[in-house]
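In the numbering used here, the protein residues as written are 1263 to 1891.
Each residue gets a CB set at the ideal place from its N, CA and C atoms; glycine is no exception.
So the structure is just underneath, and the comments pick up after that.
Here's what the structure looks like:
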């Protein structure tokens, strides 16, 4: 094959270095889609396209070649079907798709056949009557999932690697920086094809490390609060690899209910969650949120004010939102998927295809990725030691002398181990790509990223174009974008050490009749409403919004209210009686003491129970009793 025959645009050049086993596609402007530059990818190679959104899958779905596009996730498949609806006659193979439906689709050969299939459904496709893999070219999209340890089911990835060469030809496609030395052994012989773009924009990162004691979820709650309250313009697209933690944040928002109407103060329609629609995820949402707030959306649904994505939902998928801002949450802790989330950063860059904030990514970092504090050699030694430990545990399970209970406990520990997986027969094994995956993750710390040019995108110098490691280790490059929750936002997130700020903000909201703020506080605790209604803002301001004097004043008010009839009885003042101010102060204090009212008497307190007139007695200030109130 003459590779230059694949070219449509004469500005594009394709070079091959047989000795280095590489192919280089020298592309033009990155704002161009690949379908305007080349007819197809070269056969039988591993393609690093370097940027997302350049139309790699669109190229093969809309060209004249019979293609099977293999994708890891159902949401990605749905995104591709939606993007090409009414343009290309194609079929999706996943889940409950029947073989008969596939066979019927294959009968029409008047046009090229296009099949989008999940990794999981490849066995179904290969055993479908009428399907001949040699008649199709195969594109394995998001090929880095075959390397990134734990990013996808190991047994499923093994099946792909064992069967891809049954097709007429094949292409592995990714935008994640990939070195040949980290390829799975089944792919080591393939040429590495790199697309070099003539015009790309460096990604500018704003990185914020979470302060000690704040926590990722509290900072993220504050960020969501700012968007929902309109403090930050646009829409937030938040990539956070934990269904449990996302549900925890949403439960705080859901708990805020108007006590007068019983309605949620935040609208669940302003919040969209895109993740795998597994029984486990739906159960987590249902148990924490209830049906109204537990909806899991498709990647093709319209964007909302807050959009939350897990790693299984966004790779390769197209998100469209001109006002969308990207936030990546990295907590440095491994969740059930065993993924170091920072390795997925290149998949997120440019994921919102048409945003005016295309060049800017916000990173919210809790605990640092472990590899960030090591040299490559140190990290390799540490990983090799851990892999050996994992293998030793499996050996102990098989051959060690121990009780059945001890063996079962050890097996459960092995199942939680990062490097250990379970095959289709239920047998545990240590992945043979473990070391490669960890070194690939290490390389992701060193990489810098670029995005394609998007018409209308803002061009400014905010943020830093640097490797993830440089951003993490150089505090001069840190820039806060999710402010530490304060006042009402901090109070709503569950903190108790924020009384002054909350009280002040609440009183100001009541004065301005800003119900959006004060009803949120009322929904959480009606103490602030009571203080404002009973004492007034002027009094609270005199107390400098401090809790102790406010509580003391409320206790006094309560005590005086409880003794509203007993106090004038004990004072026993008669109509037209004239009494010196100094004397009435003493008498009121005596009554306070007798009733255990913790207040210091003032002469003017008399006006709480009697109507009086100012007068003088023996040339001294006095009150004349007019009547009891």
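Would you call the region 1617-1635 and the region 1658-1678 touching, i.e. three or more CB-CB distances under 8 Å?
-> no
Residue 1750: which of 1741, 1737, 1766, 1744 sits nearest, CA to CA?
-> 1766
Sequence ranges, beta strand (DSSP E) only - wholly within the region 1631-1719, length at least 3 = 1682-1684, 1690-1692
Simplified DSSP state of residue 1437, which is helix, strand or coil = coil
Rounded straight-line distance, which links the Cα of residue 1437 to that of residue 1609 = 7 Å
So what's residue 1297 in DSSP terms, helix, strand or just coil?
-> helix
If you count every other CB in all the chains shown that lies within 10 Å of the CB of residue 1762, and 16 or more means buried, which is it?
-> exposed
Contact between the region 1822-1838 and the region 1877-1884: three or more CB pairs below 8 Å?
-> no
Starting from the C-beta of residue 1454, find all residues in its chain whose C-beta is less than 6 Å away, skip the five residues before and the five after it, and write them out in chain order.
-> 1284, 1308, 1442
Nearest to residue 1362 (by Cα), restricted to the options 1383, 1579, 1347, 1392 = 1392
Give the straight-line distance between the Cα atoms of residue 1596 and residue 1400, rounded to the nearest whole angstrom.
-> At residue 1596 the pLDDT is 45, less than 50, meaning the model places this residue with poor confidence; the figure from the coordinates comes in the next sentence. Roughly 33 Å separates the two Cα atoms.
Rounded to whole angstroms, what's the CA-CA distance from residue 1768 to residue 1520? Just pull it up for me.
-> 15 Å
Which of the three DSSP states, helix, strand or coil, is assigned to residue 1740?
-> strand
Residue 1315 Cβ short of 7 Å to the ligand MN heavy atom set | For the ligand MN, the structure offers nothing, since it holds no ligand at all.
C-beta atoms of residue 1300 and residue 1324 nearer than 8 Å = no
Taking C-alpha atoms, which residue in 1874, 1890, 1891 lies nearest to residue 1884?
-> 1874
Sort 1856, 1510, 1844, 1860 by Cα distance to residue 1866 and report the nearest one.
-> 1844
Bridge partner(s) assigned by DSSP for residue 1282 = None, per the DSSP bridge assignment.
What's the call for residue 1848, buried or exposed, on a 16-neighbour Cβ count within 10 Å?
-> exposed
Following the continuous alpha helix (DSSP H) through residue 1831, name the residue where it begins and the one where it ends.
-> 1828-1833
DSSP three-state call for residue 1876: helix, strand or coil?
-> strand
Do residue 1729 and residue 1700 come within 8 Å of each other at the CB atom, strictly closer than that value?
-> no
Per DSSP, residue 1883 forms a beta bridge with which residues?
-> 1878
Validate contact between the region 1336-1343 and the region 1478-1498 using beta carbons, cut 8 Å, 3 pairs | no
For the beta strand (DSSP E) containing residue 1534, list its first residue and its last residue.
-> 1533-1536
Where residue 1891 falls, given that 16 or more other Cβ within 10 Å makes a residue buried = exposed
Give the DSSP bridge partners of residue 1354, in chain order.
-> 1378
DSSP puts residue 1455 in a beta bridge; with which residues?
-> 1285, 1309
Contacts around residue 1356, its chain only, beta-carbon distance under 8 Å, and the 5 residues preceding and following it disregarded | 1336, 1339, 1379, 1380, 1382, 1383
Taking all protein chains shown into account, do 16 or more other C-beta atoms lie within 10 angstroms of the C-beta of residue 1565, making it buried, or fewer, making it exposed?
-> buried
Beta carbon of residue 1426 nearer than 8 Å to that of residue 1402 = yes
Can you have a look at residue 1888 and say buried or exposed, based on whether 16 or more other CB atoms are within 10 angstroms of its CB?
-> exposed
Cβ of residue 1500 within 8 Å of Cβ of residue 1589?
-> yes
Verify whether the separation of the beta carbon atoms of residue 1606 and residue 1551 is less than 8 Å.
-> no
Three or more beta-carbon pairs under 8 Å between the region 1635-1647 and the region 1665-1675, yes or no?
-> no
Beta strand (DSSP E) segment containing residue 1589, residue limits | 1586-1592
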